[in-house]
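Data block below; observations after.
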Amino acid sequence: MAGRVVLHGMWASPYSKRVELALKAKGIEYEFVEEDLTNKSEALLRFNPVHKKVPVLVHDGKPIAESLVIIEYIDETWKEGPPLLPQDPYERAKVRFWAGFLQQQLFEAVFSVIKTDGEAQAKAVKEVHEKLKVLEEGIKVHEEVLGMKFLDPEKYPRVTSWVKALTELPLVKEATPPSEKLVGLLQFLRARALESAAA
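In the numbering used here, the protein residues as written are 1 to 199.
The structure is reproduced here in structure tokens:
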């Protein structure tokens, strides 16, 4: 399916990156509009008036918000290229569950570590470890079902290997922002969050 495709995103957003990877995996040409989340564009606010955040995919003038919804839209709209989600409804539901877990549980817990200090940060770190244990068990089950082993590092071997395998994909390497730029952003966000918590 042809048509103009525009992705409003932010270079460091894992949600935007998720959509970028889906577009690239499907071979879909698109325009990327970098959004300044401290000064949101009128277009972003018009296309996503409910959440007012990235990513937003605009296909032939029609906006679609929320990364998981966008990925489903891409998969259903562009049949060429590799499928992004399993065809089997049960398997597709499991993918949605784990993607939602990563987004709603793990990413939010990690962000809490960045935004806090002291005792609150220690509690947030403990929560991240709990979420990683759940993910670890989920990956263990999938390894048994798929009959494949990833790698075997120390504390979270399956999670670590899963992330390593993903980061080795050419599309992911291409989409990954420079480490020093990402570290700088996270340090800035942490400092700002700690300042506002102290105020």
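A virtual CB, placed ideally from N, CA and C, is assigned to each residue, including glycine. Owing to the predicted nature of the structure, the values given are computational and were not obtained by experimental measurement.
Keeping to the same chain, check which residues put their C-beta closer than 6 Å to that of residue i; ignore five residues upstream and five downstream.
i: A191; result: none
i: G9; result: S16, V54, P55
i: I203; result: No information on residue 203 is available, as it lies outside the stretch 1 to 199 that the chain covers here.
i: L44; result: H8, E35
i: R92; result: L85, P86
i: L194; result: D117
i: A203; result: The requested residue 203 is not part of the displayed model; the chain covers only 1 to 199.
i: V145; result: A caution first: V145 carries a pLDDT of 47, below 50, which makes its placement in the model too unreliable to give a value.
Our contact map puts residue i next to residue j with C-beta atoms below 8 Å; I'd like the distance itself, whole angstroms only.
i: L7; j: P55; result: 6 Å
i: Q105; j: K131; result: 5 Å
i: D75; j: P86; result: Contact doesn't hold; Cβ gap of about 10 Å is too wide.
i: K26; j: G81; result: 4 Å
Hey, how far is the Cα of residue i from the Cα of residue j?
i: A197; j: E127; result: 20 Å
i: F32; j: V19; result: 11 Å
i: E66; j: K52; result: 10 Å
i: K115; j: K94; result: 30 Å
i: T89; j: A122; result: Note that residue 89 corresponds to Pro in the displayed sequence, not to Thr. Distance between the alpha carbons of P89 and A122 is about 39 Å.
i: Y30; j: G118; result: 43 Å
i: E42; j: N48; result: 10 Å
i: K133; j: P14; result: 21 Å
i: L21; j: L102; result: 16 Å
i: F150; j: K79; result: Any reading at F150 must be qualified, since the residue scores a pLDDT of 40, below 50, and its modelled position is unreliable; no value is offered.
i: A120; j: R46; result: 36 Å
i: E180; j: F107; result: 20 Å
i: D152; j: I28; result: Only weak support is given to the placement of D152: the predicted model assigns it a pLDDT of 46, under 50, and the value that follows is read from those uncertain coordinates. So the alpha carbons of these two residues sit roughly 35 Å apart.
Give me, in chain order, the residues of the same chain whose beta-carbon lies closer than 7 Å to that of residue i; leave out the 5 immediate sequence neighbours on both sides.
i: V110; result: V128
i: A124; result: A109, S112, V113, T116
i: R4; result: D60
Would you mind sorting residue i into buried or exposed? The rule is 16 or more other CB atoms within 10 Å of its CB.
i: F97; result: exposed
i: A199; result: exposed
i: V50; result: exposed
i: N39; result: exposed
i: L37; result: exposed
For chain D, is any of its Cβ atoms less than 8 Å away from the one on residue i?
i: E76; result: Included in the structure is just one protein chain, with no chain D present.
Return the chain-ordered ranges of every beta strand (DSSP E) run that is complete within the stretch 32-111 and spans a minimum of 3 residues. Annotation: the stretch 32-111 contains the following complete segments of the beta strand (DSSP E) (minimum length 3 residues), in chain order: 56-59, 62-65.
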